[in-house]
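Trainee: Protein chains in written order, with the numbering used here: chain R, 4 to 106; chain U, 5 to 106; chain B, 138 to 417. All C-beta atoms, glycine included, are put in the ideal place defined by N, C-alpha and C. This is the structure, below, for whatever I ask next.
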Amino acid sequence: MAGTIRVRATASGDATEVQSLIRHPMDSGFVKDAKGELIPAHHIEVVQFEHGGKTVFTALWGPAVSKDPYLKFSFKGGKAGDELKVSWVDNKGASDSLVTKIQ
Amino acid sequence: MRKTMVLAAALSLVAVTTAAFAASADDAKAALAKAEAAMKQAHALKNEWTTTAAEFKKAKAAADAGKFDDAVKLAGEAEALANASVAQAKEQEKLWPEAVVR
Amino acid sequence: MLRKTFMAAAIVACTAAPLLAAGDVDPQADFKAFRKYFTERFPKVPLNDFVNGPYSMDEGLRKQWKAIDEFPPYEFAVEQGKQMFATPFKNGKSYADCFPNKGIGIRQMYPMFDTKTGKVVTLELAVNQCREANGEKPFDMAKDDMAAITAYMAFTSRGKPFDIKIPDDPRALAAYKKGEEYFYSRRGQLNFSCASCHVQNPGNHIRTEVLAPALGITAALPIYRSAWGGMGTTTRRFQTCNAQVRGEPLPAGDEDYSAVEYFLSYMSNGLPISGPGARP
């Protein structure tokens, strides 16, 4: 799945604030469709943010996270122009990643 | 003689009362038709309630399952709901100007 | 001199309300009364803020909305809509050929009254008319494709004031009246009218939701509604509102829906398009 990640990272003082929106159905596996059949679980399992060769944030997601999840966090370090890599893997083995520049 | 008469009277009374309670397939059919007619009116006025269709569905299921008493009862409820929505639409046709912010 | 008078009269005639059957419907008077009602009831709400629905009524909700709006959930739909807009139909034409100004920045003119057909045309209907005129299948008016394209069109009109016209045509007035009637008529087993919630109870809660004021209520459509986990068109919202009061929803494209959208948008004339919106 390509093009699923939107990210905005802003450096401010000694920290960087990151926001991201990821396009993903995040099916929990507990919801039934119109025919009464279970929609199989299809959700992101791991989201990772890397800066300067280090992982600055990891999220382990499951069925409780809703569709098109939005994420916001801050990490120490990072300055404008630095690269920030975002990647995710889901329970079906699909993945996507994006490299952005901190503003 | 008297005992036989009392017994006969009692039996006929029971027969009459059980006949009055047990609905037939035709009764169910008639009740469903009446409900449908009322629902058609509501549809024409573009004012149907979601609960009407739900009740009618239950009535039809009951009739299909041979539960004619239930079918008649539920069809009666569907009919009542449909009639209420018809009454609502007719009333509102006259009442809505009262609600306009002036 | 005569020419100037004629011009002045023509300008006045164009901006004034169309002539009515006596004692029937007076859109301009309705407009004034409607606006006065909401601005007097909510004196602290800036006029243009009414288009933000529940956020103009509840400070806590507004804070959450502002946070979400930094990365709006409708972004994907807008992007999809932009792509759809740029993709030509099988016959080589595109949406740009159907709409004024190539379809950009024109959402605030809808719904409009088509004097040729005598019907109200909402933006959703216009999109489908464009598709059908160019040999394409119409979209389901409640579903995602329609939401995406109208989201994009709304986005290009952000901030532009509603400019709904009621031409001097008895059919247009009749449509306006139909919309007004629909808005104020009670329906459903719960016996609510649109006004029951959006005129009598804006800012109040219905279960966990804060009710939006009717003033400006169409400005934010289509919306990403968290409760749906996705986008919804004007049609979808109307259908859901009907079902919520236990009224059977009308089919998409029904004249009553077009009429009530016409009425509501006219009441919001001058207020800025805020769509596509995000709602709880």
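Using a Cβ-Cβ cut-off of less than 7 Å, list which residues of the region 36-55 of chain U approach chain A; keep chain order.
Mentor: Absent here is chain A; the protein component of the structure consists of chains R, U and B.
Trainee: Using a Cβ-Cβ cut-off of 9 Å, state whether threonine 21 of chain U counts as contacting chain B.
Mentor: Since pLDDT at threonine 21 of chain U reaches only 49, below the 50 mark, its modelled position is unreliable, and no value is offered.
Trainee: State the DSSP-derived secondary structure class of arginine 51 of chain R, mapped to helix, strand or coil.
Mentor: As written in the sequence, residue 51 of chain R is glutamine, which differs from the arginine given in the question. Here glutamine 51 of chain R sits in strand by DSSP.
Trainee: Using only alpha-carbon positions, find the residue among R:Thr13, R:Leu24, R:Met29, R:Val21 that is nearest to alanine 97 of chain R.
Mentor: Nearest option by C-alpha distance: R:Met29.
Trainee: Evaluate histidine 342 of chain B with the Cβ neighbour count: other Cβ atoms within 10 Å of its Cβ, from every protein chain shown; 16 or more gives buried, anything less gives exposed.
Mentor: By the 10 Å Cβ count, histidine 342 of chain B comes out exposed.
Trainee: With distances taken from CA atoms, which of B:Gly240, B:Asp161, B:Pro413, B:Val162 is nearest arginine 295 of chain B?
Mentor: The residue with the shortest Cα to Cα distance from arginine 295 of chain B is B:Pro413.
Trainee: Could you check whether the Cβ of alanine 158 of chain B sits closer than 9 Å to any Cβ belonging to chain U?
Mentor: Because the pLDDT at alanine 158 of chain B is just 46, under 50, the model does not fix this residue reliably, and the value given afterwards should be weighed accordingly. No, alanine 158 of chain B does not count as interfacial toward chain U.
Trainee: By DSSP, does valine 21 of chain R sit in helix, in strand, or in coil?
Mentor: Strand at valine 21 of chain R.
Trainee: I want to know whether the region 77-87 of chain R touches the region 27-42 of chain R - three or more CB-CB distances under 8 Å.
Mentor: No, the region 77-87 of chain R is not in contact with the region 27-42 of chain R.
Trainee: Leucine 185 of chain B to valine 264 of chain B, Cα distance in whole Å?
Mentor: Residue 185 of chain B is actually asparagine in this sequence, not leucine. Roughly 27 Å between the two C-alpha positions.
Trainee: Could you spell out where the alpha helix (DSSP H) holding valine 264 of chain B opens and where it closes?
Mentor: 260-270 is the extent of the alpha helix (DSSP H) around valine 264 of chain B.
Trainee: First and last residue of the beta strand (DSSP E) that includes methionine 29 of chain R?
Mentor: Neither: methionine 29 of chain R is in no beta strand (DSSP E) and is coded neither H nor E.
Trainee: Does the beta-carbon distance from glycine 384 of chain B to threonine 54 of chain U come in below 9 Å?
Mentor: Yes, they are a contact pair.
Trainee: Start and end of the beta strand (DSSP E) containing leucine 101 of chain R?
Mentor: Run containing leucine 101 of chain R: 98-104, per the beta strand (DSSP E) assignment.
Trainee: DSSP state of valine 336 of chain B, grouped into three classes?
Mentor: Of the three classes helix, strand and coil, the one that applies to valine 336 of chain B here is coil, per DSSP.
Trainee: So if I threshold CB-CB distances at 8 Å, which residues from the region 20-37 of chain R count as touching chain B?
Mentor: Going along the region 20-37 of chain R in chain order, one finds Gln22, Ser23, Leu24, Arg26 with a Cβ nearer than 8 Å to chain B.
Trainee: Which residues in chain B have a C-beta closer than 8 Å to the C-beta of lysine 70 of chain R? List them in chain order.
Mentor: Chain B residues near lysine 70 of chain R: Gly366, Gly367.
Trainee: Quick check: methionine 249 of chain B and proline 339 of chain B, are their CB atoms within less than 9 Å of each other?
Mentor: Going by C-beta atoms, methionine 249 of chain B is not nearer than 9 Å to proline 339 of chain B.
Trainee: Going along chain B, which residues have a C-beta under 7 Å from alanine 103 of chain U?
Mentor: Those within 7 Å of alanine 103 of chain U in chain B are Tyr321, Ser330, Ala332.
Trainee: For alanine 356 of chain B, which three-state DSSP category applies?
Mentor: If DSSP states are grouped into helix, strand and coil, alanine 356 of chain B belongs with coil.
Trainee: Which residues, in order along the region 339-363 of chain B, keep a beta-carbon less than 7 Å from a beta-carbon of chain R?
Mentor: For the region 339-363 of chain B, which is checked against every Cβ of chain R, not one residue is closer than 7 Å.
Trainee: So, at 8 Å on beta carbons, what are the nonlocal neighbours of lysine 95 of chain R in its own chain, with the 5 sequence-adjacent residues on each side left out?
Mentor: Around lysine 95 of chain R: His45.
Trainee: Check whether the Cβ of alanine 63 of chain U lies closer than 9 Å to any Cβ atom in chain B.
Mentor: It does not: the Cβ of alanine 63 of chain U has no partner Cβ on chain B nearer than 9 Å.
Trainee: Looking at asparagine 379 of chain B and glycine 325 of chain B, is the spacing between their C-beta atoms short of 9 Å?
Mentor: In contact: glycine 325 of chain B and asparagine 379 of chain B (Cβ atoms closer than 9 Å).
Trainee: CB methionine 404 of chain B to CB alanine 288 of chain B, shorter than 9 Å?
Mentor: Contact: no.
Trainee: Between alanine 284 of chain B and chain R, is the shortest Cβ-Cβ distance under 9 Å, so that the two count as touching?
Mentor: Judged by the 9 Å Cβ criterion, alanine 284 of chain B is not in contact with chain R.
Trainee: According to the Cβ coordinates, are aspartate 99 of chain R and leucine 24 of chain R closer than 9 Å?
Mentor: No. Outside cutoff.
Trainee: Do you know offhand how far threonine 293 of chain B's Cα is from arginine 244 of chain B's?
Mentor: Their Cα atoms are separated by approximately 8 Å.
Trainee: Which of the three DSSP states is assigned to aspartate 161 of chain B in this structure?
Mentor: Three-state result, aspartate 161 of chain B: coil.
Trainee: Using the DSSP secondary-structure output, state which residues sit across from valine 347 of chain B in a beta bridge.
Mentor: Note: valine 347 of chain B sits in a beta bridge opposite B:His342.
Trainee: Buried or exposed: valine 10 of chain R, going by 16 or more other Cβ atoms within 10 Å of its Cβ?
Mentor: With 16 or more Cβ atoms within 10 Å of its Cβ, valine 10 of chain R is classed as buried.
Trainee: For alanine 159 of chain B, I'd like the list of residues in its chain whose CB is within less than 8 Å of its CB, leaving aside the five on either flank, ordered along the chain.
Mentor: At alanine 159 of chain B the pLDDT is 37, less than 50, meaning the model places this residue with poor confidence and gives no usable figure here.
Trainee: Does any residue of chain R have a CB that is nearer than 9 Å to the CB of glutamate 269 of chain B?
Mentor: Not closer than 9 Å to any Cβ of chain R, the Cβ of glutamate 269 of chain B fails to qualify, so no.
Trainee: Reducing DSSP to helix, strand and coil, say where proline 307 of chain B ends up.
Mentor: Three-state DSSP puts proline 307 of chain B in a helix.
Trainee: Rank U:Ala75, U:Lys71, U:Asp31, U:Ala91 by C-alpha distance to the C-alpha of glutamate 59 of chain U and give the top, closest one.
Mentor: It is U:Ala75 whose Cα lies nearest to the Cα of glutamate 59 of chain U.
Trainee: Would you call serine 69 of chain R buried or exposed, if buried means 16 or more other Cβ atoms sit within 10 Å of its Cβ?
Mentor: Serine 69 of chain R comes out exposed.
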